[in-house]
Amino acid sequence: MKFFKYIIIILVLYAPTSVISQTNPDIFLKQSVEEVSLFISKNKEQLERDDKFLEEKMNELVIPRFDIVLMSKITLGKSTWTSISENQKNRFIESFKSLMVRTYMKSLTVFDGEKIKFLPYVPGKRIDVAKVKSLYIMSDGDLPVNYRLKKNDNGDWKVFDIIIDGISLLKNYRTDFQNHVKNYGIESLIKKLNED
């Protein structure tokens, strides 16, 4: 999971959504990389010393670029998602979002402008779902990173999974969450996410 903390920060989009909403998913991510480097270099000192500012920027700039509802559905699985109440769904979504913020907000302060090479984008069968492949060029070898995105009803691309060296962010959460729900129930999982 250590790589997820470094990769997640490229999803900070400081550019207005209207500029990037109608572009291809690979352009969406390339613009993200350019913008995050600029944002962090201008604000690195404050990001490192001010946790409130850091959390605000995660909620303002990173989280809106994820499809948190879709991620919530996938991590719980169809049978659990359809069996819980609307209130439980909403509370789980909020708890999952908070977990993402708390887990990854410090990653904003460790980005040092690593080189990222995006591979040529090949559209899939569905026009509203995309996989964008990239390589992180690191001193100890290249790291393959794939992004799965879905276009919403407004035409905006949202990331719903990151696969690093073959390991899916969502699958990691899904295994843990589903086991917890099976053994202790959804209320226990929501409580645990709020405590972590």
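For the sequence shown, position 168 (counting from the first letter as 1) is numbered 1003 according to this note's numbering, and the numbering increases by one without interruption.
From the three backbone atoms N, C-alpha and C, an ideal C-beta is built for every residue, glycine too.
The structure presented is a predicted model; accordingly, all values stated were derived computationally and were not measured.
- Taking 8 Å as the cut-off, the beta carbon of GLY976 is found no closer than this to the beta carbon of LYS966.
- PHE888 and LYS879 have their alpha carbons spaced roughly 11 Å apart.
- Here LYS1017 is exposed: its Cβ has fewer than 16 other Cβ atoms, across all protein chains shown, within 10 Å.
- With fewer than three CB-CB distances shorter than 8 Å, the segment 913-920 does not count as touching the segment 890-903.
- When secondary structure is reduced to three states using DSSP, ARG961 falls in the coil class, being assigned neither helix nor strand.
- If the five residues before and after PHE1012 are omitted, its C-beta is found closer than 7 Å to the C-beta atoms of THR910, LEU911 and LEU1024, all from its own chain and listed in chain order.
- Exposure of ASP988 is indicated by the presence of fewer than 16 other C-beta atoms within 10 angstroms of its C-beta.
- Residue state for ASP996 is assigned as strand, using DSSP reduced to three classes.
- Secondary structure note for TYR982: its beta strand (DSSP E) is the uninterrupted segment 976-986.
- In this structure, the CA atom of GLU929 is about 31 Å from the CA atom of ILE951.
- The closest CA to that of PRO955, considering only SER969, VAL964 and ASP963, is found on SER969.
- Separation of the CB atoms of TYR982 and LEU864 is rounded to 6 Å, and the pair is thereby assigned contact status at 8 Å.
- Distance from TRP992 to LEU1005 at the Cβ level is roughly 17 Å; contact not present, criterion being Cβ atoms closer than 8 Å.
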